[in-house]
Amino acid sequence: MLEKLEAIYRRWQEIEEEMNDPAVMSDMKRYVKLSKDYKDLTPIVEAYKKYKRISEHLESSREILYNEKDEELKEMAREEIESLEQEKATLEEEIRLLLLPKDPQDSKNAVVEIRAGTGGDEASLFAGDLYRMYSRYCEDKGWKVELVDYTEGTMGGFKEVIFNVKGEDAYGTLKYESGVHRVQRVPKTEAQGRIHTSAASVVVLPEADEFDVEIKPTDIKKEVFCSSGPGGQSVNTTYSAIRLTHIPTGITVSMQDEKSQIKNLEKAMNILRTRIFEREYQKYLDEVASKRRTMVSTGDRSAKIRTYNYPQGRVSDHRIGYSTYNLPAFMDGEIQDMLDQLMMAENAERLKTEISE
31 MLEKLEAIYR
41 RWQEIEEEMN
51 DPAVMSDMKR
61 YVKLSKDYKD
71 LTPIVEAYKK
81 YKRISEHLES
91 SREILYNEKD
101 EELKEMAREE
111 IESLEQEKAT
121 LEEEIRLLLL
131 PKDPQDSKNA
141 VVEIRAGTGG
151 DEASLFAGDL
161 YRMYSRYCED
171 KGWKVELVDY
181 TEGTMGGFKE
191 VIFNVKGEDA
201 YGTLKYESGV
211 HRVQRVPKTE
221 AQGRIHTSAA
231 SVVVLPEADE
241 FDVEIKPTDI
251 KKEVFCSSGP
261 GGQSVNTTYS
271 AIRLTHIPTG
281 ITVSMQDEKS
291 QIKNLEKAMN
301 ILRTRIFERE
311 YQKYLDEVAS
321 KRRTMVSTGD
331 RSAKIRTYNY
341 PQGRVSDHRI
351 GYSTYNLPAF
361 MDGEIQDMLD
371 QLMMAENAER
381 LKTEISE
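Quick note, the working numbering runs 30 ahead of the 1-based positions in the sequence shown.
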């Protein structure tokens, strides 16, 4: 482990030198890549420096214990050795986790899509509840939420809602939410007071930037049209809405959220880039999932991952068998504990896989 840490430390120093090179600074693509690598390696380097300090203090304390004749000083050295050994063991565990290969997309912004599934109007209401839950969570984290596109349900909520989340490690944190979410409750639409089961699907994607996907202008068919509201009424008379079709893949994106055609085009390009990137990224997810027996952030987005049981006030995650009984607070955005449990479960699985390999 020490050899690996020393190699990482040397690479970190090299990157620092490269980033100060004017030739590198003028190459934006290379500079952005180096900045990301530098930032990713910094926590490991900090842990390595701390590990070295603890090891040096341990060595000094052992020398005192073996060479000192004063019993009081020897007792102090014993206590320090015990404390430092515990600290060193804890730090070794942290370093093992830090050395696990990270998903290169974890540090990116996220694109979240929520769609109502089985359950009709109640499913749309639940999709709206999930949108509110994630919005509150992001607000508490200080992350920015940008609504991209939505289709409202007939009784409220959303048939579909797409939004961007901009913040540090947004994708790496929210990726565990991809899958089918079930709700068991008495719907507002139900006069008889019977409990129904409805569902909504959540897909979380890493936002692709222009360094990830290069789209040729000749590969895009662009159409402009007037934005329209419910019932086909004209919202404005300017041609501000945009529809983009990526000819090689057939992927189509429409955007009419903004009054400005330029802003709609920018948002549509972002979504199109992410959709194209998703195809390649899905191959990576499938490959990783096939290597692990209990992958938490699986590529299978049709899997039922969580149940929200209102009569019992319970939220249960089926992947890790973990339940919490604070459903009202959970729906108000207090989901960090659940995400922490999922991260710990995945890290434990990754450590097992690393050791067995």
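Ideal Cβ placement from N, Cα and C applies to all residues, glycine included.
- In terms of Cα proximity to residue 282, the closest of 177, 295, 35, 290 is 295.
- At a Cβ-Cβ threshold of 7 Å, residue 289 and residue 274 do not count as neighbours.
- The beta-carbon distance between residue 276 and residue 306, rounded to whole angstroms, is 6 Å. This is short enough to meet the 8 Å contact definition.
- The three-state reading of DSSP puts residue 51 in coil, since its state is none of H, G, I, E or B.
- For residue 134, the closest alpha carbon among the candidates 229, 126, 199 is that of 199.
- Contact between residue 49 and residue 64 is confirmed by a C-beta separation of about 5 Å, below the 8 Å threshold.
- Residue environment analysis places residue 237 among the buried positions, since at least 16 neighbouring C-beta atoms fall within 10 angstroms of its C-beta.
- For the pair residue 121 and residue 255, the Cα-to-Cα distance works out to about 58 Å.
- CA-to-CA, the gap between residue 52 and residue 58 works out to about 11 Å.
- For residue 278, the closest alpha carbon among the candidates 293, 40, 248, 168 is that of 248.
- The criterion of a C-beta distance shorter than 7 Å is not satisfied by residue 380 and residue 128.
- Counting other Cβ atoms within 10 Å of its Cβ, residue 218 stays below 16 and is therefore classed as exposed.
- At the C-beta level, residue 188 and residue 180 come within 7 Å of one another.
- Per DSSP, reduced to three states, the secondary structure at residue 347 is strand.
- Distance from the Cα of residue 123 is smallest, within the candidate group 139, 77, 55, 144, for 77.
- Take the alpha-carbon of residue 166 and the one of residue 335: they are about 21 Å apart.
- Every unbroken stretch of the beta strand (DSSP E) spanning 3 or more residues and falling wholly within the segment 112-181 is given here in chain order: 140-146.
- Nearest Cα to residue 70 within the set 137, 300, 197, 371: 137.
- Residue range 188-196 is occupied by the beta strand (DSSP E) that includes residue 190.
- Residue 285 carries a strand assignment under DSSP once its states are collapsed to helix, strand and coil.
- Looking at the DSSP output, residue 209 shares a beta bridge with 232.
- DSSP places residue 225 in no beta strand (DSSP E); its state is neither H nor E.
- If you ignore the 5 residues before and after residue 68, its C-beta comes within less than 8 Å of the C-beta of 42, 45, 46, 49, all in its own chain and listed in chain order.
- Shortest Cα-Cα distance from residue 342 to any of 216, 308, 371, 243 involves 216.
- Counting along the chain, the unbroken alpha helix (DSSP H) around residue 65 starts and ends at 58-97.
- A straight-line Cα-Cα distance of about 12 Å links residue 192 and residue 160.
- Counting C-beta atoms within 10 angstroms of its own C-beta, residue 116 has fewer than 16 neighbours from the protein chains shown and is therefore classed as exposed.
- DSSP places residue 271 inside the beta strand (DSSP E), whose first and last residues are 271-276.
- With respect to the 7 Å criterion, residue 153 and residue 234 are not classified as neighbours on the basis of their beta carbons.
- Excluding its 5 nearest sequence neighbours in each direction, residue 148 has C-beta neighbours in its own chain below 7 Å: 228, 229, listed in chain order.
- Shown here, residue 203 sits in a helix according to DSSP, grouped into three states.
- Looking only at 151, 164, 114, 222, the smallest Cα-Cα distance to residue 143 is reached by 164.
- Per the coordinates, the alpha-carbon of residue 31 lies some 51 Å from the alpha-carbon of residue 155.
- Under the three-state reduction of DSSP, residue 248 is assigned to helix.
- Beta-bridge annotation (DSSP): residue 184 is paired with 186.
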